[in-house]
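Quick mapping for you: the protein sequence lines, in order, are chains L and P. The numbering of the first sequence is our numbering, which starts it at 1 and goes up by one. The numbering of the second sequence is our numbering, which starts it at 1001 and goes up by one. See structure below.
Protein chains: 2
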Amino acid sequence: MTPRLIGVDWGTTSLRCYLVDGTGVILARQSSDQGILSVPPGEFGNVLANHTQAWRSAHPGLPIVLSGMIGSRQGWHEIAYVRCPARLADLADAIHRIDYPSLPAVMLVPGLDTRNKDDVPDVMRGEETQIFGAMMQRNLTDGTFVLPGTHSKWAHVHDGAITAFATYMTGEVFAALCGHTILGRLMTGSDSCHDGVSFLRGVCASTGEGGPGALLNHIFSARTLGLFDMIPGNGVRSYLSGLLIGSEIRSGHKTSFGASPIRIIGNPELGSRYAEAARALELDVEIVDGDCVAYGHLALADQAQL
Amino acid sequence: MTPRLIGVDWGTTSLRCYLVDGTGVILARQSSDQGILSVPPGEFGNVLANHTQAWRSAHPGLPIVLSGMIGSRQGWHEIAYVRCPARLADLADAIHRIDYPSLPAVMLVPGLDTRNKDDVPDVMRGEETQIFGAMMQRNLTDGTFVLPGTHSKWAHVHDGAITAFATYMTGEVFAALCGHTILGRLMTGSDSCHDGVSFLRGVCASTGEGGPGALLNHIFSARTLGLFDMIPGNGVRSYLSGLLIGSEIRSGHKTSFGASPIRIIGNPELGSRYAEAARALELDVEIVDGDCVAYGHLALADQAQL
């Protein structure tokens, strides 16, 4: 129960701070919506100092480990990506130290980049720490990890290294389709209302056939099925969500080298939605709590001898 | 050169009126942005009367044939879809007559609906008249027609009947991605600026492999290639356009039963963009001028003995 470090997952729209002990257990936590996009340049140190003041007073000198978009061009300091395949030691070697008045050692974890078979780059910042945390927590060295979200990540781990990953813009495309296309017109009910039947119908309507362009056709079914009263108005949103998530899972699974179970890391609500869809597609899944990020911060601190 | 009818293509965002002779030649035309969404309920007759007043004064009693979204629930009068396979005679039989003070016979052309192999409906309103017009104009009874746009249509014609079609939301998805996702952030240059090299690069980056969900991954390349300076900022928009149009064409072509050439009907700029993409994919294409809609109005007037 002795604090070992302060772990911070600082993303685009949120800031999550954890007081972590030497076994990866979270002793205290606090979060805010002060994501990097809401912090003026030059103010990152102040915001971090304010959020961690009580913990630092009670436990002076704890190292602070930051992961996420805080290491991007829009963040506190841009730190180069580490190229896949990447082990924990590669990340720890590339940690960047920031010296800031009134704060102890602030250590910035780099993100990862990879190239697909057509040499197209892909990137992540923050998810690598969650993945290594999940591996530490469960003593895993292999597997496929899915991190659902605005930009979902499918990452493959072999022999302790993240070997490759791919981003799916599922969450952001869903929001843009609901808010800014004709598909939103027939949607009734609140944004947060989930219709489980329509969601599963969308998952089952997704298909692995037809090539990528077929998605541009499939999503139109969210309009026509609504138009012909074949889906209730308050189910159209969930149907479209199921269609997109189902399409993502079918595509991602094809790249997973038959890994089983697929491990889903993330917020409980979206994670359970993904798990429901994956099970409907007869895939074996396991949900990993998002708190595993603290194990990632700890493993990096240990590895880097902070 | 004697006027035979007034043809009107009345869509969601535009109104196009044609004075047409007995051979399908357009003698005069006018268009406005008074699409159905900008016309208050009850005002459709007035708007039509105003737009056609000069022609009606000079040539009293000409029938007026309306096609497009004007026959939808949001239009003047909702008219039921005709189910595919549909011949010109099926459309003509289902034409709906509106009597409006001060106007001669106003005839509303129905749209079409179809069901795909999973019994999911698809719909069109207005494109059927363009397709029959193109068939009349060129004396065709078979082929695949593509109508690019906000909602692209791929329609298959066999033995004089439109047998099936599919909608691709390519144009609307493109606009939503540019305007309302992170992909727009790296785009520089004006919306109308076309970078031919980046466009073709996007077309070539599209693929038929990977299943529909892969599109959610592929579009992220418009961000990463920009981020790594592998595409210039003023080319990101054209790259994404090429990626989406290329994906649509690969998918649509698979459903075309080997039809060659693929006939593209539509506005000259977008039509030539599609033709460029299709040729890059080694498909034989032919561009049909959008004025063919007037042949469609004429063929329907003749068939319905107006």
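We put the beta carbon where it would ideally sit given N, CA and C, even for glycine.
| Asked | Found |
| --- | --- |
| Neighbourhood of V203/L by C-beta distance below 6 Å, restricted to the same chain and skipping five residues each side | G242, G246, A277, A280 |
| 7 Å CB neighbourhood of R115/L in its chain, flanking five on each side removed | P121 |
| Three or more C-beta pairs below 8 Å linking the segment 1248-1264 of chain P and the segment 188-195 of chain L | no |
| Chain P within 8 Å of H59/L, Cβ atoms only | no |
| Straight-line Cα distance separating L1215/P from I1117/P | The amino acid occupying residue 1117/P in the given sequence is Lys; Ile does not appear at that position. Rounded to whole angstroms, K1117/P to L1215/P spans 22 Å at the Cα level. |
| Proximity below 8 Å, CB of L5/L to CB of V65/L | yes |
| Supposed close pair L1244/P, F1174/P - CB separation, criterion 8 Å | 5 Å |
| Limits of the beta strand (DSSP E) - the one that R256/L falls within | According to the sequence as given, residue 256/L is Ser; it is not Arg. Taken as a continuous stretch (DSSP letters only), S256/L belongs to no beta strand (DSSP E), as it is neither H nor E. |
| Beta-carbon proximity of D9/L to S102/L, cut-off 8 Å | no |
| Simplified DSSP state of G1007/P, which is helix, strand or coil | strand |
| G143/L, DSSP secondary structure in three states | strand |
| Chain L within 8 Å of V1197/P, Cβ atoms only | no |
| Listed by chain order, chain L residues near H1218/P by CB distance under 9 Å | V120, P212 |
| Beta strand (DSSP E) segment containing R1029/P, residue limits | 1026-1032 |
| Distance CB(L183/L)-CB(I219/L) smaller than 8 Å | yes |
| Within-8 Å CB hit, A1294/P to chain L | no |
| Backbone secondary structure at H1059/P - three-state DSSP | coil |
| Same chain, Cβ closer than 6 Å to D99/L, five either side skipped, listed in chain order | none |
| Among T170/L, V25/L, P85/L, P110/L, the one whose alpha carbon lies nearest that of E248/L | T170/L |
| Within 8 Å, strictly: CB atoms of V1106/P and R1097/P | yes |
| C-alpha gap between S1238/P and R1273/P, whole angstroms | 11 Å |
| Backbone secondary structure at V109/L - three-state DSSP | coil |
| Selection of the segment 216-241 of chain L by Cβ proximity to chain P, strictly under 9 Å | L216, N217, H218, I219, F220, S221, R223, T224, L225, L227, F228, M230 |
| Secondary structure, beta strand (DSSP E): runs of 3+ residues fully inside the segment 154-184 of chain L | 161-168 |
| Inter-residue CB distance, M69/L and R16/L (contact presumed, cutoff 8 Å) | Contact flag wrong, Cβ pair sits at about 12 Å. |
| Beta-carbon separation (whole angstroms), S1014/P vs G1035/P, contact threshold 8 Å | 5 Å |
| Three CB pairs or more closer than 8 Å across the segment 1285-1298 of chain P and the segment 1128-1142 of chain P | yes |
| For C1017/P: DSSP bridge partner residues | V1008/P, Q1030/P |
| Cβ-Cβ separation, H151/L to G1179/P (assumed contact under 8 Å), whole Å | Actually they do not touch by this definition, with Cβ atoms about 18 Å apart. |
| Sequence-distant residues of the same chain with beta carbon closer than 6 Å to G307/L, five excluded per side | Not covered by the structure: residue 307/L. The range shown for chain L is 1 to 306. |
| Straight-line gap, P1104/P to A1155/P (C-alpha atoms, nearest Å) | 33 Å |
| Residues of its chain near W1076/P, where Cβ-Cβ distance is below 6 Å and the 5 sequence neighbours each way are ignored | F1044, I1070 |
| Close beta carbons around A324/L, own chain, < 8 Å, minus the five adjacent residues each side | Look at the range of chain L in this structure, 1 to 306, and you will see that residue 324/L is not part of it. |
| Residues bridged to D1195/P (per DSSP) | Answer by DSSP bridge pairing: none, since D1195/P is not bridged. |
| Backbone secondary structure at A94/L - three-state DSSP | coil |
| For M1135/P, the first and last residue of its enclosing alpha helix (DSSP H) | 1127-1138 |
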